[in-house]
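The sequence shown begins at 1 in full-length UniProt numbering and counts up by one.
Quick reminder that beta carbons are idealized off the backbone N, C-alpha and C, glycines included.
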Amino acid sequence: MMKCLKMSKKHKYFLIFGIITTLFQLQLNSQVLKFKAFSLSTKVKELDDNLDLIWQDWDDWRDNSSLIIIDGKKDRIKIFANKTLVFDIVKYNEEVQDEFYFYCVDDEGNELKLELYKKRTKEGKVYFQFYIRKEDIQAVYNLKLLEDE
Numbered sequence: 001m002m003k004c005l006k007m008s009k010k011h012k013y014f015l016i017f018g019i020i021t022t023l024f025q026l027q028l029n030s031q032v033l034k035f036k037a038f039s040l041s042t043k044v045k046e047l048d049d050n051l052d053l054i055w056q057d058w059d060d061w062r063d064n065s066s067l068i069i070i071d072g073k074k075d076r077i078k079i080f081a082n083k084t085l086v087f088d089i090v091k092y093n094e095e096v097q098d099e100f101y102f103y104c105v106d107d108e109g110n111e112l113k114l115e116l117y118k119k120r121t122k123e124g125k126v127y128f129q130f131y132i133r134k135e136d137i138q139a140v141y142n143l144k145l146l147e148d149e
């Protein structure tokens, strides 16, 4: 005779949230996700008065329409902008809620970590932020998942 496991409402919500997060993680690892950028900000390192390299503030957001493709089947990320950037994914992060890290090698052989964050507007609309962090420059794109349009 089988017994049914009783769960509190709180435990049911955690279980459902865990399943949804796991499914999104699996989707990243095995499918092609296409994002369209709608804005971009950058920051760079510059010399200060003591001749030390320090990070400057983020620039103001500016319109951007780059296409970013995360291809889990080929373990590759491509950014189609003024110049096409290609990153080979070496390793994916452990599952973290709404945060996805990609340990990559760029087309020049440099190792770096790319970051994708799932965000919500005040109205509850989902969007993503994608960070590229290099030694002397950082960029962040605000993105929409193309299936959402």
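Beta-bridge partners of Gln31 (DSSP): none assigned. Cβ-Cβ distances below 6 Å link Leu85 to Ile79 in the same chain, with the five nearest sequence neighbours on each side left out; the list follows chain order.
Going by DSSP, Leu146 is part of no beta strand (DSSP E) at all; its letter is neither H nor E. In this structure, Glu115 and Tyr92 do not form a Cβ contact; the two beta carbons are roughly 12 Å apart against a cut-off of 8 Å. Annotation for Gln129: the continuous beta strand (DSSP E) segment containing it runs Val126 to Arg133. The beta carbon of Lys43 lies closer than 7 Å to those of Trp55, Gln56, Asp57, Trp58, Asp59 and Gln138 in the same chain, with the five residues before and after it left out. Secondary structure at Gln56: coil, using DSSP grouped into helix, strand and coil. Asn82 and Val140 have their C-alpha atoms spaced approximately 15 Å apart. When secondary structure is reduced to three states using DSSP, Ala81 falls in the coil class, being assigned neither helix nor strand. Contact between Val32 and Lys73 holds: CB atoms are separated by about 7 Å, below the 8 Å threshold.
In this structure, DSSP gives Gln138 an extended state, which the three-state scheme calls strand.
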